[in-house]
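In the working numbering, the protein residues as written are 145 to 408. The beta-carbon is built from N, C-alpha and C at its ideal position, and this holds for glycine as well.
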Amino acid sequence: MTDSPAPSHAPTDPTAPEGSDELLGLIGRASRIVAFTGAGISTESGVPDFRTPGSPWMANKPIPYDEFVRSEGARREAWRRKFTMDDLYRGARPSRGHRALAALVREGRSPGIVTQNIDALHQAAGLPDEAVVELHGNGTYAVCIACDRRHELAAIRAAFEATGEAPRCESCDGPVKSATVSFGQPMPPDAMRRARDLSLACDLFLCVGSSLVVQPAASFPVIAKRNGARLVILNREPTGLDPIADLVVQGEIGPALAPLARPA
Ligand code: NAD
Numbered sequence: 145m146t147d148s149p150a151p152s153h154a155p156t157d158p159t160a161p162e163g164s165d166e167l168l169g170l171i172g173r174a175s176r177i178v179a180f181t182g183a184g185i186s187t188e189s190g191v192p193d194f195r196t197p198g199s200p201w202m203a204n205k206p207i208p209y210d211e212f213v214r215s216e217g218a219r220r221e222a223w224r225r226k227f228t229m230d231d232l233y234r235g236a237r238p239s240r241g242h243r244a245l246a247a248l249v250r251e252g253r254s255p256g257i258v259t260q261n262i263d264a265l266h267q268a269a270g271l272p273d274e275a276v277v278e279l280h281g282n283g284t285y286a287v288c289i290a291c292d293r294r295h296e297l298a299a300i301r302a303a304f305e306a307t308g309e310a311p312r313c314e315s316c317d318g319p320v321k322s323a324t325v326s327f328g329q330p331m332p333p334d335a336m337r338r339a340r341d342l343s344l345a346c347d348l349f350l351c352v353g354s355s356l357v358v359q360p361a362a363s364f365p366v367i368a369k370r371n372g373a374r375l376v377i378l379n380r381e382p383t384g385l386d387p388i389a390d391l392v393v394q395g396e397i398g399p400a401l402a403p404l405a406r407p408a
């Protein structure tokens, strides 16, 4: 790239991947940064990603939404898996990547973050819910799929462990589901609209820790790029959108973004 040098920032971590200085320079010069995050930003927190071989998320065939809706057995199995996964990453704390992105929002350099993650670690890094667009929902609570009432996991788990029954809504008796978006479930319209608005309102779109294969989420980097934003991809592995990116930093997120991270 031919830009002038970056404004000053903390020294780059010596283990940072090649291109990290250029990345920090682009961030330093941008005025409206939107980060788009995937499961890779949470691996440093101890939450396994989806596609890396051996991932526990891949251990079972996913239960599609329509099966959850029509089958009591599928609902019981979904809740059994949910609590097993929750136990795997209980107590996960925000990574350096989460903390760096939260600092950009707090400092007024970013209007918000679009995430595919369901772990609420952006909020744990200090961001209010309004600053985080959750395209695939949030796994830290549940909702009734009939009336949309919110339900808390602790009470659901206690009842599930006592009875083995999938939870039902106290208000309308509808099935209660983790507030995540399952395969085959419609995308949340409000999150889709906000993600599009953010993608169109930024001058730097920063993809962090995503294989960029899940649609329609992976359309947002393309929307931002077509609208004139610079596109940066920070990921351990190549992605299908690398050819249209202005900068690809292939390596670990934590060391690359560490100079921007503040305590959570
Ligand atoms: P993905 O697993 O398809 O891709 C993650 C990418 O991050 C991979 O290319 C991997 O090489 C890279 N990566 C992992 N750790 C990294 C690190 N420390 N530094 C740099 N790169 C790293 O994830 P995705 O693109 O987000 O799509 C998976 C779907 O699964 C999403 O829809 C998401 O909702 C869901 N999911 C969420 C979580 C979570 O909330 N933490 C975890 C697993 C799956």
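Rounded separation between residue i and residue j - CA only
i: Phe-194; j: Pro-200; result: 8 Å
i: Cys-313; j: Arg-220; result: 15 Å
i: Asn-282; j: Glu-274; result: 13 Å
i: Tyr-285; j: Thr-383; result: 31 Å
i: Gly-395; j: Glu-162; result: 8 Å
i: Cys-316; j: Arg-294; result: 12 Å
i: Ala-345; j: Gly-198; result: 38 Å
i: Leu-297; j: Ala-310; result: 12 Å
i: Ala-389; j: Gly-235; result: 35 Å
i: Pro-192; j: Ala-174; result: 31 Å
i: Pro-387; j: Asp-231; result: 38 Å
i: Arg-250; j: Leu-271; result: 8 Å
i: Gly-252; j: Ile-177; result: 9 Å
i: Ala-368; j: Ser-189; result: 28 Å
i: Phe-304; j: Ile-207; result: 18 Å
i: Asn-379; j: Ala-302; result: 38 Å
i: Ile-171; j: Leu-348; result: 7 Å
i: Gly-182; j: Ser-354; result: 4 Å
i: Ile-289; j: Asp-165; result: 46 Å
Continuous beta strand (DSSP E) stretch holding residue i: start and end
i: Tyr-285; result: 281-288
i: Lys-321; result: 320-324
i: Gln-394; result: 391-394
i: Glu-278; result: 276-278
i: Arg-374; result: 374-379
i: Ile-257; result: 256-259
Close-in-space but distant-in-sequence residues of the same chain around residue i (CB under 6 Å, 5 per side omitted)
i: Ala-179; result: Leu-245, Ile-257, Leu-350 and Val-352
i: Ala-361; result: Gln-260 and Leu-279
i: Pro-399; result: Asp-157, Thr-159 and Ala-160
i: Ser-152; result: Its pLDDT being 44, under 50, Ser-152 is placed unreliably by the model, and nothing is read from it.
heavy atom of ligand 1 below 6 Å from residue i C-beta
i: Phe-194; result: yes
i: Gly-184; result: yes
i: Arg-234; result: no
i: Arg-240; result: no
i: Asn-261; result: yes
i: Glu-396; result: yes
i: Gly-102; result: With the chain represented from 145 up to 408, any question about residue 102 goes unanswered, as that position is not in the structure.
i: Trp-223; result: no
i: Glu-278; result: no
Cβ neighbours of residue i in the same chain (closer than 7 Å, five flanking residues each side left out)
i: Phe-212; result: Ala-218, Arg-219, Ala-222, Lys-321 and Ser-326
i: Leu-401; result: Arg-240, Gly-241 and Ala-244
Span of the alpha helix (DSSP H), counted from its first residue to its last, around residue i
i: Gly-184; result: Run containing Gly-184: none; DSSP gives neither H nor E here.
i: Leu-348; result: Segment 348-352 is the beta strand (DSSP E) holding Leu-348; no alpha helix (DSSP H) there.
i: Ile-104; result: Given a span of 145 to 408 for the chain in the structure shown, any question on residue 104 remains unanswerable.
Spatial neighbours of residue i in its chain, beta-carbon cut-off 8 Å, leaving aside the 5 residues before and after
i: Asp-210; result: Gly-328
i: Pro-149; result: Below a pLDDT of 50, predicted positions are generally treated as unreliable, and Pro-149, at 40, falls in that range; no measurement from the model is reported.
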